[in-house]
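> Protein chains in written order, with the working numbering: chain A, 1 to 352; chain B, 1 to 352.
By construction, the Cβ of each residue, glycine as well, lies at the ideal position given by its N, Cα and C atoms.
These numbers come from a predicted model, not from an experiment.
The following block contains the structure, expressed as C-alpha cells.
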C-alpha cells in the first residue's frame, strides 16, 4: 500500500517546452528570487542533446591568434584565483510567447531565466596568459554540445568581441551555488557573460579560439540576431530592462483582503533604478518597494501591498527603469525570431 | 563533485498553475496516452490543502434516506466484488486559457486531463445494500478535503442524480494502474464517474448521503455551473466531444521531412467516431488514423503522417466527432466561469 503520506508536499516544477532537445522553464511564478535559484529548477535551454562526458570534457584549450596556446585541465583551473558573483541568466527568447504578432520558435513565457552564484576564473586572466596577438577582434567559444543544424553537423559556438571578452566580469565558471555546475547546466565549465542574454554563456565550454575576423557561425549570424520589420538587423547582446509580476497570476481569482503584488526586475547594463506599478492602464504610476538596493547583473525583488475588495477586478501594470534611464516600452520591438521581449507586463485579476 | 552523469535523461514535468492549493497540468504534449498515464504526471486539481490522513479516512459511511445506514472500512471494501475500467478524467476547466474573451480562474491549457485504469466497487452495489427509500432524488458525496470558501468552512461535496448514481459504471475506486490510489489523487477512496467532468469524481471520499431534495452545496450551485451569455445556466455534467493536437506544438519550428501529427480525441457519451484534420483553415477535412477502435470513457490516440517542406508554414486544425453525431464547434460556447471548452484546435508550424 502507498504509505507515502508526506506526499502532501507541493513542489513547483520546471515547465516543459520541449523534450528533444530539453527546453524547460523555471517555475518563476512560484519561487522566490531573493535567494539564489536552485539548480534543479534553473531553466534549461538546449540546441542539441546533452553531450556525453569524456576525458576531453575536463580540458579547456585556448588557441588561435595567440603567442602561446594553452591547455588547461580541470584541476589547473581550480587552482587559479577565483571569484564568485551572483548573476542572472535570461534566454533571449524569454517572453517570446507574448509578441502580439506571433513568432515561430520555442514559446517561452516568463520563466526562461534564473539567477544564482557562479564561481570561476576571470576569462581575462586566462587570455592574458596566452599573450594575445595584435589584431585579434573576436574570441570564439565552443561548447561540447553538437548536432545537425541546417544540414551541417556543428557545435554550439558563439563569439564575443575582444573588448567584451577582456571585461573583468566575464568568467569561466565551474561552480553554481557552491557546487560543481551540474551536467545539464554545462559541467565542468561554463562561460558566464554577465549582462548579456544567455546564448553568450556557452555551456560545456571546451575550446576558446582567438580570431582576427568576424565569426560567422550559425548561432552568431543566423540565430540570435534581431531581424526588425524595417529590414535592419542587429546582434542580440545586452539584456533589456525588464520586469515580471510573479504573483498574482494573470486572470487569477484572488481572495479578497490583504495581498502583496510581487515580482522581479532586471537590466543588462547598469542597475534597476525604480519599479513602478499602475492600476489605471498606465496613466499614473506609483513606486513599488524594492527588496534591496539593486545591483548590476542581478534581479531585484519588489512588492506592492494591496487590499483586494470582493467583486472588484484589477488591471495591474508594472514597469522597470534602469540607471541608464532605459525603461520598459508599452510594446516590445517586434523582430522575426522573437528576441528581447520587454514590454510592460500587465495582468488582470478579480477578487472573490 | 556532481558525478550524476545519467542526468542527461529528460523527463516532462507537471506544469504548475498554483501551489496553494496544488494545481498542476499533465505534460500532455510530451507523453503518450496509448498506455495509461502514470500517477506521478496525472494532473492535480485541488480546492483545498491535502487532507491529513486519520483513522476516519479509512471508512466510508452511507447514510440519509436509507433503511440501513452502513459504515464500510477499507478492508470491507476490498473484499467486495470489484471491477477495473480504463477511464479518462478531464477537469471541466481544461482549455480555459483558450476562451477568446478571457475568463477568470485557473488558466488551464490542454493538460487538465489524464487517463488510466481504476479498480473499485460499483457504487450501485453499495447503494442497494442500504435499501434506498422511495423519493430519493440525489446522492451527495463528501470528500475529506475542506477549507474556507465564501467565508464558510466547507468540505468538497458534490451530488449525482439518483439515476446517474445507480449507473453500473460509476464506481468507488481504490486502485489506479494496479496500485492503491496515491494520497494526492484521493487515497483511499475516490468516486469515479465515467463520462462526466472531473469535479464529479470526488477524492478522499468519506461520506455518501442520500437525499430527497436538491443538493445546494457551493461546488454544485455556484461553481461547476455554465453561466451563459444569454443569462441561462446549466449544471456541468458530461464531457464534451474534444481533441488535442499533442505534437507538433503551436508556433513550433519543425525540421523539414517526415513527421507524424498526433494527438488524442475523446467524448463524454458514446465513443469517438472519427477524427479529421484540415490544412486549409477548415474548408476541407481528411481523416486521421485512429490507433484503435474508440471506446467509451477513453481517449483514442490518432495520427496523420506528413512531409514538411523547408520554408513552408502549415495551418493545422483537428476536430473529433462522436457516435452521437456531436462534433467540435469552431468556437466554444462562452460561459462566465470558463467550463467545457471544446472548440476545434488549430496550430501553425513552420518548417526549417
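Listed in chain order, which residues of the region 103-125 of chain B have Cβ atoms closer than 9 Å to some Cβ of chain A?
Cβ contacts with chain A come from 103, 104, 105, 106, 107.
> I'd like the list of long-range same chain contacts for residue 41 of chain A, defined as Cβ closer than 8 Å, with 5 residues on each side in sequence excluded.
Hits under 8 Å: 12, 13, 14, 26, 27, 31, 114.
> My output table needs one value for residue 287 of chain A: the three-state DSSP class, helix, strand or coil.
It is a strand residue.
> DSSP beta-bridge partners for residue 240 of chain B?
None, per the DSSP bridge assignment.
> Quick check on this structure: which residue in B/149, B/305, B/267, B/123 has the alpha carbon closest to the alpha carbon of residue 83 of chain B?
Of the listed residues, the one whose Cα sits closest to residue 83 of chain B is B/123.
> Based on the DSSP output, what are the partners of residue 113 of chain B in its beta bridges?
DSSP, once it has assigned bridges, lists B/90 as partnering residue 113 of chain B.
> Can you tell me whether residue 239 of chain B is buried or exposed, with buried defined as 16 or more other CB within 10 angstroms of its CB?
With 16 or more Cβ atoms within 10 Å of its Cβ, residue 239 of chain B is classed as buried.
> Find out if the Cβ-Cβ distance for the pair residue 266 of chain A, residue 276 of chain A is shorter than 8 Å.
No, they are not a contact pair.
> Grab the span of the alpha helix (DSSP H) containing residue 75 of chain B for me, first residue to last.
Counting along the chain, the alpha helix (DSSP H) containing residue 75 of chain B begins and ends at 74-79.
> Whole angstroms are fine: how far does the CA of residue 254 of chain A sit from the CA of residue 151 of chain B?
Approximately 14 Å between the Cα atoms of the pair.
> Just tell me which of B/161, B/298, B/96 has its CA closest to the CA of residue 111 of chain B.
Checked all of B/161, B/298, B/96; the closest Cα to residue 111 of chain B is B/96.
> On the DSSP bridge list, what partners appear for residue 69 of chain A?
Answer is none; residue 69 of chain A lacks a bridge partner.
> Going by the CB atoms, is the gap between residue 129 of chain B and residue 70 of chain B shorter than 8 Å?
It is a contact, given that the beta carbons lie within the stated cut-off.
> Are residue 135 of chain A and residue 339 of chain A closer than 8 Å when you measure CB to CB?
The answer is no: Cβ separation not under 8 Å.
> Can you give the beta carbon distance from residue 85 of chain A to residue 118 of chain A, rounded, assuming they're within the 8 Å contact cut?
About 6 Å separates the two Cβ atoms, so the contact holds.
> Roughly how far, in whole angstroms, is the beta-carbon of residue 137 of chain B from the beta-carbon of residue 209 of chain B, given that I think they are within contact range, below 8 Å?
That pair is no contact at about 12 Å.
> Quick check: is the beta carbon of residue 236 of chain B nearer than 8 Å to any beta carbon in chain A?
No, no contact with chain A.
> For the region 316-326 of chain B and the region 220-227 of chain B, state whether three or more C-beta atom pairs, one from each stretch, are separated by less than 8 Å.
They do not touch, by the three-pair rule.
> So what's residue 36 of chain A in DSSP terms, helix, strand or just coil?
DSSP places residue 36 of chain A in coil when its eight states are reduced to three.
> What are the uninterrupted segments assigned as beta strand (DSSP E) that are 3 or more residues long and contained completely in the region 134-186 of chain B, given in chain order?
Those beta strand (DSSP E) runs which fall completely within the region 134-186 of chain B and span 3+ residues are 138-149, 152-161, 171-176.
> Is residue 47 of chain A helix, strand or coil by DSSP?
In this structure, residue 47 of chain A counts as coil in the three-state DSSP scheme.
> Are residue 271 of chain A and residue 296 of chain A closer than 8 Å when you measure CB to CB?
Cβ distance < 8 Å, so residue 271 of chain A and residue 296 of chain A count as in contact.
> Assign residue 347 of chain A to one of three DSSP states: helix, strand, or coil.
The answer is strand: DSSP assigns residue 347 of chain A an E or B state.
> Taking Cβ-Cβ distances shorter than 9 Å, what residues in chain B pair up with residue 253 of chain A?
Within chain B, the residues near residue 253 of chain A are 104, 105, 106.
> In whole angstroms, what is the alpha-carbon distance linking residue 132 of chain B and residue 225 of chain B?
Their Cα atoms are separated by approximately 28 Å.
> Would you please verify whether the beta carbon of residue 244 of chain A is less than 8 Å from any beta carbon of chain B?
Not an interface residue.
> Do you know how far the Cα of residue 279 of chain B is from the Cα of residue 65 of chain A?
Approximately 53 Å between the Cα atoms of the pair.
> Could you work out which residues of chain E lie near residue 203 of chain A, taking near to mean beta carbons separated by less than 8 Å?
The structure shown contains no chain E; its protein chains are A and B.
> Report the neighbours of residue 346 of chain B on chain A: residues whose CB is nearer than 8 Å to its CB, in chain order.
Residues of chain A passing the Cβ test: none, with the nearest at roughly 13 Å.
> Using a C-beta cutoff of 8 Å, does residue 16 of chain A count as contacting chain B?
By this cut-off, residue 16 of chain A is an interface position.
> I want to see whether chain B comes within less than 8 Å of residue 101 of chain A, judged by CB atoms only; does it?
No, its Cβ sits nowhere closer than 8 Å to a Cβ of chain B.
> Quick one: Cα of residue 90 of chain B to Cα of residue 157 of chain B, how far?
Taking the straight line joining both Cα atoms gives about 18 Å.
> Give the interface partners of residue 30 of chain A over in chain B, defined as CB-CB distance under 7 Å, in chain order.
The answer, in chain order, is 16, 19.
> Tell me, which residues are paired with residue 320 of chain A by DSSP?
Answer is A/275.
> For a contact defined as C-beta to C-beta under 8 Å, what are the partners of residue 250 of chain A on chain B?
In chain order: 107.
> For chain A, check one thing: does any of its Cβ atoms lie closer than 8 Å to the Cβ of residue 329 of chain B?
Not an interface residue.
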